[in-house]
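A.B. asks: Per this note's numbering, the sequence shown starts with residue 160, numbered consecutively. Beta carbons are placed, not taken as given, at the ideal position from N, Cα and C, and that holds for glycine. In this text the structure is predicted, and so the values were computed from the model without any measurement. A single structure is presented below for examination.
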Amino acid sequence: MEKEKIVVLDFGGQYTQLIARCIREAGVYSEIYPAHTPAEKFADGSLKGVVLSGGPDSVYAPGAKRLRPDVLALGLPVLGICYGMQELCCQLGGQVAAPESREYGPTPITFGAHPLFRGIDAQTVWMNHNDQVMALPDGFVSIARTANCPAAAFADNGRKIYGVQFHPEVTHGQMGAKLFYNFCRELCGCEGSWRVEDLAGQLVAEIKEKAGGKKIICGLSGGVDSSVAAVLAHRAVGDDLTCIFVDHGLLRKNEAEEVMGFYGGSLGMKIVKVDAAALFLGRLQGVTDPEQKRKIIGEEFIRVFEQKAAELGGADYLVQGTIYPDVVESGAGESAVIKSHHNVGGLPEDISFRGLIEPLRLFFKDEVRRLGESLGIPHQLVWRQPFPGPGLAIRVIGEITEEKLRIVRETDQILRDEIAAAHLDEKIWQYFTVMTGVQTVGVMGDGRTYEYVVAVRAVTSDDAMTSSFAEIPYPILAKISSRMVNEVQGCSRVVYDITSKPPATIEWE
Ligand code: XMP
């Protein structure tokens, strides 16, 4: 059990995970639970406060998610964000309604003198709401105002109940971090000594307890998540662990050799490579729907692991590098399912393993990287850009063919070369090409061409939850484009994706 913990109740907001991250950044362990969870499920001796997330409903809508009275009855500090604030207002006898003009995006604000805002000098906040607090419940005072919202934040200092109409988690790099720090440290009285780096021993012990003396296999993808999961499992069971690297025919150029090189080196784990390209590509033939691609790939991975495990004389557990955003984005919380990440939502129901071991299920990517560094995993591996399990299948839009895979691989290699040559590789979170499947007219030599459009996607991010397109200098983009069109047969046009997440996602499928 953690020494101190703050729970986030999820009312269906798209930014709920960011709230949990901000709290962890303040040094306090935080977990997300669905809004209707009874208090007894999370209220142990370590609980120091509760945060209520935003959500898409109006508090008066039929079926709107309610805050359970047993949560308030705990008597702990509570912070409601957007819908969470409105729900507190409504439950405690105030009034919520839609104002004449709604606020969306950066909005000027005036903060009152309150411990929640100590040290914050920001003058704008991020708003996204239809309703707002119109009449305060008894015992509450307004502690911040905007032009349209006289109670942009409120507080009942006696009962330690607070609400903010804006979304501090969305601007967590700026005022958000400070606001959550103030809530955790000043208002909930937390010490704030939680650090993911200190957890390696505990995670290893948990794996040992569950699977000590048993045979384990681990699916390695070459990314940081599965590598860290494998190293933890290796510390727990040593040579009872066999790692399996599946070449599903959807890897980037030279990826299989590169990855095997990493693992064969300093990590000292048993590793087997399986060539399953024909199997995966066969099953994906004619499939165009992204969710179906993920489901097929998720299932085939498990089948390959099962078969390999049988060849190795059987295995009881499968280790996976599932991380917290995979769990939450695949619909474990209250928010809408955006993509069923292949290693969560895409798993078949009839798995022949006794169970899964997912030591990173509760961690965010940057936490996994810190854990990886603390375990002594090589820097190059810890900081590799994320590569999705379904690989190029979700970077070839629509039907996957050998020709499209060749074009996406060749163009991706050029992009990687040029980003590395410009020393941008550790500044950009992810950069890759997408085979759009669209053909357009061009002119090359003196003739007409009718070939494919390739999109370049490059984003900056902290956690893949939100991202902005990377501002790659024009001369570098120009070189990338000209090399792709000149060197890769079948690509006659290159476009740069300039959307952020939200509203887009990082991958195109
Ligand atoms: P999106 O596209 O949802 O991606 O903004 C967020 C992060 O997740 C990766 N991603 C996946 N990883 N299986 C994975 O293992 C998947 O099905 C999957 N889909 C997206 C994506 O590369 C980005 O880092």
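Short of 6 Å in beta carbon distance, which residues of its chain neighbour aspartate 656, apart from the five on each side in sequence? Order them along the chain.
C.D. replies: Cβ neighbours of aspartate 656 within its own chain (closer than 6 Å, five residues either side excluded): Ala614, Arg616.
A.B. asks: One question on the structure: do arginine 554 and glutamate 666 come within less than 9 Å of each other, judged by their Cβ atoms?
C.D. replies: yes
A.B. asks: Residues in its own chain within less than 6 Å of glutamine 648 by CB, not counting five upstream and five downstream?
C.D. replies: Closer than 6 Å at the Cβ level, and outside the excluded window around glutamine 648, lies no residue.
A.B. asks: Would you identify the three-state DSSP class for leucine 530, choosing helix, strand or coil?
C.D. replies: In this structure, leucine 530 counts as helix in the three-state DSSP scheme.
A.B. asks: Indicate the three-state DSSP secondary structure (helix, strand or coil) for glutamate 630 in the structure shown.
C.D. replies: coil
A.B. asks: Throw me the rounded Cβ distance for the aspartate 290 and glutamine 245 pair, which I believe falls under 8 Å.
C.D. replies: 6 Å
A.B. asks: Using 10 angstroms around the beta-carbon of histidine 538, count the other beta-carbons present and answer buried if the total reaches 16, otherwise exposed.
C.D. replies: exposed
A.B. asks: Starting from the Cα of isoleucine 430, find the closest Cα among Ala232, Val418, Phe591, Tyr633 and give me that residue.
C.D. replies: Of the candidates Ala232, Val418, Phe591, Tyr633, the one whose C-alpha sits nearest the C-alpha of isoleucine 430 is Val418.
A.B. asks: Quick check on DSSP: helix, strand or coil for proline 274?
C.D. replies: helix
A.B. asks: Could you tell me whether the Cβ atoms of glutamine 324 and valine 300 are closer together than 9 Å?
C.D. replies: no
A.B. asks: So within the region 538-619, which uninterrupted beta strand (DSSP E) runs reach at least 3 residues, ignoring any that extend past its ends?
C.D. replies: 589-603, 606-619
A.B. asks: Look up arginine 304 in the DSSP assignment and give the residues it is bridged to.
C.D. replies: The partner list for arginine 304 (beta bridge, DSSP) reads Thr269.
A.B. asks: With H, G and I counted as helix, E and B as strand and the rest as coil, what does DSSP make of isoleucine 657?
C.D. replies: coil
A.B. asks: With valine 329 as the anchor, note down where its beta strand (DSSP E) starts and where it stops.
C.D. replies: According to the DSSP assignment, valine 329 belongs to no beta strand (DSSP E), since it is labelled neither H nor E.
A.B. asks: Flag this pair as touching only if the region 383-390 and the region 476-483 have three or more C-beta atom pairs under 8 Å; answer yes or no.
C.D. replies: The region 383-390 makes contact with the region 476-483, as at least three CB pairs between them are under 8 Å.
A.B. asks: Should serine 386 be counted as a contact of the ligand XMP given a C-beta to heavy atom distance under 8 Å?
C.D. replies: no
A.B. asks: Hey, would you say the C-beta of serine 626 is under 8 Å away from at least one heavy atom of the ligand XMP?
C.D. replies: Answer for serine 626: yes, Cβ within range of the ligand XMP.
A.B. asks: Could you check what DSSP says for proline 228 in three-state terms: helix, strand or coil?
C.D. replies: helix
A.B. asks: Going by C-alpha distance, which of Glu526, Glu365, Ala468, Pro634 is nearest arginine 354?
C.D. replies: Glu526
A.B. asks: Report the start-end ranges of each beta strand (DSSP E) in the region 352-412 that is 3 residues or longer and not cut off at the edges.
C.D. replies: 375-379, 400-406
A.B. asks: My understanding is that lysine 374 touches glycine 535, with C-beta atoms under 8 Å, so please give their C-beta distance in whole angstroms.
C.D. replies: Contact doesn't hold; Cβ gap of about 25 Å is too wide.
A.B. asks: Can you find a heavy atom of the ligand XMP that lies under 8 Å from the Cβ of glutamine 589?
C.D. replies: yes
A.B. asks: Could you check what DSSP says for cysteine 650 in three-state terms: helix, strand or coil?
C.D. replies: strand
A.B. asks: What's the call for threonine 175, buried or exposed, on a 16-neighbour Cβ count within 10 Å?
C.D. replies: buried
A.B. asks: Can you say whether tryptophan 588 is buried or exposed, counting buried as having 16 or more other CB atoms within 10 angstroms of its CB?
C.D. replies: buried
A.B. asks: Among the candidates Lys432, Leu551, Ala436, whose CA atom is the shortest distance from the CA of proline 676?
C.D. replies: With the chain covering only 160 through 668, there is no way to say anything about residue 676.
A.B. asks: Identify whether alanine 314 lies in helix, strand or coil by the three-state DSSP scheme.
C.D. replies: strand
A.B. asks: Rounded to whole angstroms, what's the CA-CA distance from aspartate 475 to glycine 427? Just pull it up for me.
C.D. replies: Rounded to the nearest angstrom, the gap between the Cα atoms of aspartate 475 and glycine 427 is 22 Å.
A.B. asks: Considering just the uninterrupted stretch of the alpha helix (DSSP H) at proline 193, what are its terminal residues?
C.D. replies: First-last for proline 193: 188-193, but that is the beta strand (DSSP E), not the alpha helix (DSSP H).
A.B. asks: Going by beta-carbon coordinates alone, are aspartate 622 and lysine 524 separated by less than 9 Å?
C.D. replies: yes
A.B. asks: Could I get the ranges of all uninterrupted beta strand (DSSP E) runs contained in the region 411-477, with 3 residues as the minimum, in chain order?
C.D. replies: 429-434
A.B. asks: Considering only the beta carbon of each residue, do isoleucine 578 and arginine 642 sit closer than 9 Å?
C.D. replies: no
A.B. asks: Ends of the alpha helix (DSSP H) at glutamine 250?
C.D. replies: 242-250
A.B. asks: Between which two residues does the alpha helix (DSSP H) holding alanine 179 run?
C.D. replies: 175-184
A.B. asks: Starting from the Cα of threonine 196, find the closest Cα among Leu177, Ala220, Arg453, Val167 and give me that residue.
C.D. replies: Val167
A.B. asks: With DSSP as the reference, please indicate the residues paired to lysine 164 in a beta bridge.
C.D. replies: For lysine 164, which the question treats as bridged, DSSP gives the partners Tyr188, Leu206.
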